[in-house]
Amino acid sequence: TDMHPFVHAFTPAIAPPWQSRTDYDTFLGIADRFSELAAEHLGTRTDVLAVPLQHDTPDELAQPGGVVRDWRAGECEPVPGRTMPKLVVVERDYAAVAQKIRAVGPLLDTLGTTTKGVTVHPDREVEELRHRCGTVREGAGAGRPSLATASDMCEAILALSGTTNGR
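Count along the sequence shown from 1, then add 576; that gives the number in the working numbering.
Shown next as structure tokens:
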């Protein structure tokens with residue numbers, strides 16, 4: 577069975593002392609420096625990802641009778657998405673990582689969010705985040721709900737979680 581969902585408080589025990597920062601602010605700082613270096617050294621790249629077949633989804637039907645045959649051992653032919661992981665091509669704009677981490681991504685509008693093969697389209701939640709957190713004005717996240725602060729990120733987590741959004 578699945579674990580029962582529990583919601584824990586997002587309130588900090590204490591404010592970050594001295595020169596320390598919240599974890600989220602640290603991640604933003606790392607993203608800023610990474611993007612700065614990536615603009616010169618990486619740019620935009622195309623990657624091929626091996627995406628595993630997921631449990632509790634239609635992917636499980638790729639294994640008839642629940643028997644997993646090993647294509648590496650010659651038990652079957654390697655067929656992406658059936659006898660081996662799916663192969664997915666993605667484009668990565670490494671120089672835009674810092675801009676993208678600060679915004680809710682556009683794929684929520686087109687693909688929705690999927691858990692265990694069930695897809696939900698959080699259109700209302702994305703619109704609520706726009707009003708609650710503001711909108712990114714320029715860059716890769718222009719027009720998207722802002723995740724500029726740790727508080728904005730917490731709002732997004734709470735809005736997009738089926739446990740906490742109330743819908």
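Each residue gets a CB set at the ideal place from its N, CA and C atoms; glycine is no exception.
- Between the C-alpha atoms of A732 and H617 there is a straight-line separation of about 32 Å.
- Shown here, S596 sits in coil according to DSSP, grouped into three states, outside any helix or strand.
- Closest in C-alpha terms to P682, from the list L625, E636, E703, comes E703.
- When DSSP states are grouped into helix, strand and coil, T690 belongs to the strand group.
- Contact annotation, T740 with V627: C-beta distance approximately 27 Å; criterion of less than 8 Å not satisfied.
- Put simply, the backbone Cα of P721 is about 45 Å away from that of R648.
- Counting only unbroken stretches of 4 or more residues, the alpha helix (DSSP H) elements lying wholly within the segment 656 to 735 are 673 to 676, 683 to 686, 699 to 709, in sequence order.
- Taking all protein chains in view, the Cβ of L723 is crowded by 16 or more other Cβ atoms within 10 Å, so the residue is classified as buried.
- Counting C-beta pairs with one atom in each stretch, the segment 594 to 606 and the segment 667 to 687 have three or more that are closer than 8 Å, which means they touch.
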